[in-house]
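Peer 1: So for the sequence shown, numbering that gives the first Met the number 0 puts the first residue at 0; every next one is plus one.
My questions will all concern the structure given below.
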Amino acid sequence: MGRTLTCEALLLDTVDLHDGDRIITFLTCEHGKKRGVARGAKRKYSRFSGQLQPLAKVTVGWYEKEGRDLVRISSVDLLRPAGRLQEELEGILLTGYLADHMIEFAQENEESEHLYRLLDSTLEALLAGVEANLAARYFEAWVLRLSGIFPPPWECPLCGQEFGADRAAVLPPNGDALLCAQCAGEGGTLPRRSLRLTPPALDFLRQIGRRRLVDLARQSPQSAETLAQVEQLCGELRRPFLGRELKSYTMMRQTLDRLGHR
Ligand SMILES: [Zn+2]
Numbered sequence: 000m001g002r003t004l005t006c007e008a009l010l011l012d013t014v015d016l017h018d019g020d021r022i023i024t025f026l027t028c029e030h031g032k033k034r035g036v037a038r039g040a041k042r043k044y045s046r047f048s049g050q051l052q053p054l055a056k057v058t059v060g061w062y063e064k065e066g067r068d069l070v071r072i073s074s075v076d077l078l079r080p081a082g083r084l085q086e087e088l089e090g091i092l093l094t095g096y097l098a099d100h101m102i103e104f105a106q107e108n109e110e111s112e113h114l115y116r117l118l119d120s121t122l123e124a125l126l127a128g129v130e131a132n133l134a135a136r137y138f139e140a141w142v143l144r145l146s147g148i149f150p151p152p153w154e155c156p157l158c159g160q161e162f163g164a165d166r167a168a169v170l171p172p173n174g175d176a177l178l179c180a181q182c183a184g185e186g187g188t189l190p191r192r193s194l195r196l197t198p199p200a201l202d203f204l205r206q207i208g209r210r211r212l213v214d215l216a217r218q219s220p221q222s223a224e225t226l227a228q229v230e231q232l233c234g235e236l237r238r239p240f241l242g243r244e245l246k247s248y249t250m251m252r253q254t255l256d257r258l259g260h261r
């Protein structure tokens with residue numbers, strides 16, 4: 000049995016096949032991540048021409064058959080182009096990183112409303128001018144929260160003491176919980192490679208749970224040091240979960256370091 004569906008979607012990836020076809024990966028609210036063939040999409044005068052921009056928001060129509068991984072794309076209509084995010088190097092690297100998260104963390108054929116809304120609102124905020132570094136940290140931390148692997152930034156789970164203005168938190172090597180310095184074994188002998196989160200970084204982690212990215216961006220700016228701690232924390236949690244690092248992250252980090260900006 001087959002069925003025809005139409006849905007709002009965010010394009011995550013397009014891969015060229017031989018003879019002019021393209022495989023596209025897209026994310027929807029209701030059906031999660033999907034992959035489909037757009038026949039003849041590479042040809043001139045294709046009905047898909049100009050519509051298949053990475054990270055664009057589109058309406059996509061497809062035909063799917065039970066038991067088949069690949070659906071057949073029948074139409075793609077652009078709702079919101081990725082615009083300058085696909086024109087500048089930093090934007091291309093960042094949006095590739097955002098899309099990569101969805102390819103890894105979103106499930107096929109499973110309702111994915113939270114991930115969809117997160118990516119949609121992050122793209123919207125970036126197009127409105129929100130700073131890339133802030134958006135990336137907000138986004139990566141939220142993906143980990145939605146996946147249930149983000150440690151609570153409120154108190155030490157071992158002794159119950161709240162983290163506060165004078166109490167930093169520590170993520171021990173290979174740890175999955177934030178501990179107070181005492182419980183993490185501090186006292187001159189903090190285990191090597193422990194990640195220390197200062198009160199402003201903890202405050203940032205608490206705020207992302209209750210604020211939209213655009214609202215957070217309007218507040219007083221986060222320091223580079225705070226955002227660097229969040230970036231490091233997310234990496235320390237993401238890598239063991241995935242069993243590796245996202246290629247797009249490595250590429251983005253290396254390129255930005257080479258260009259001399261964070
Ligand atoms: Zn403790």
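Where a beta carbon is used, it is the ideal one built from N, C-alpha and C, also for glycine.
For L194, verify whether its CB is less than 7 Å away from any heavy atom of ligand 1.
Peer 2: Checking the Cβ of L194 against ligand 1 gives no.
Peer 1: Note down, in chain order, each residue of its chain lying with its Cβ closer than 6 Å to the Cβ of K32, except the 5 sequence neighbours on either side.
Peer 2: L26, A105 and E107
Peer 1: Which residue spans inside the stretch 140-200 form an unbroken beta strand (DSSP E) run of at least 3?
Peer 2: 168-170 and 194-196
Peer 1: When you measure from the CB of L157 to every non-hydrogen atom of ligand 1, does any distance come out below 7 Å?
Peer 2: yes
Peer 1: Could you please give the first and the last residue of the uninterrupted beta strand (DSSP E) stretch that includes R34?
Peer 2: G31 to A37
Peer 1: Just checking my contact of G9 with K56 at CB under 8 Å: how many whole Å lie between their CB atoms?
Peer 2: Residue identity check: residue 9 is Leu in the sequence provided, not Gly. At roughly 6 Å, the Cβ-Cβ gap stays under 8 Å, so L9 and K56 are in contact.
Peer 1: Would you grab the beta carbon distance between S120 and R209 for me? Rounded to a whole angstrom, and I think it's under 8 Å.
Peer 2: With a Cβ gap of about 14 Å, S120 and R209 do not count as contacting.
Peer 1: Per DSSP, D99 is paired with what?
Peer 2: Its beta-bridge partners do not exist; DSSP assigns none.
Peer 1: Use the C-beta contact count for Q218: other C-beta atoms within 10 angstroms, 16 or more gives buried, fewer gives exposed.
Peer 2: It counts as exposed.
Peer 1: Could you please give the first and the last residue of the uninterrupted alpha helix (DSSP H) stretch that includes S274?
Peer 2: In the structure displayed, the chain extends from 0 to 261; residue 274 sits before or after that span and is not available.
Peer 1: If you scan the stretch 205-230 from start to end, which runs of the alpha helix (DSSP H) of 4 or more residues do you find wholly inside it?
Peer 2: 212-217
Peer 1: Would a C-beta distance cut-off of 8 Å place L92 and L236 closer than the cut-off?
Peer 2: no
Peer 1: Which residues in the same chain have their Cβ closer than 6 Å to the Cβ of G95, if we skip the five residues on either side of it in sequence?
Peer 2: S247
Peer 1: For F25, which three-state DSSP category applies?
Peer 2: strand
Peer 1: So who's on the other strand from L9, going by DSSP bridges?
Peer 2: L26 and K56, per the DSSP bridge assignment.
Peer 1: With H, G and I counted as helix, E and B as strand and the rest as coil, what does DSSP make of G49?
Peer 2: coil
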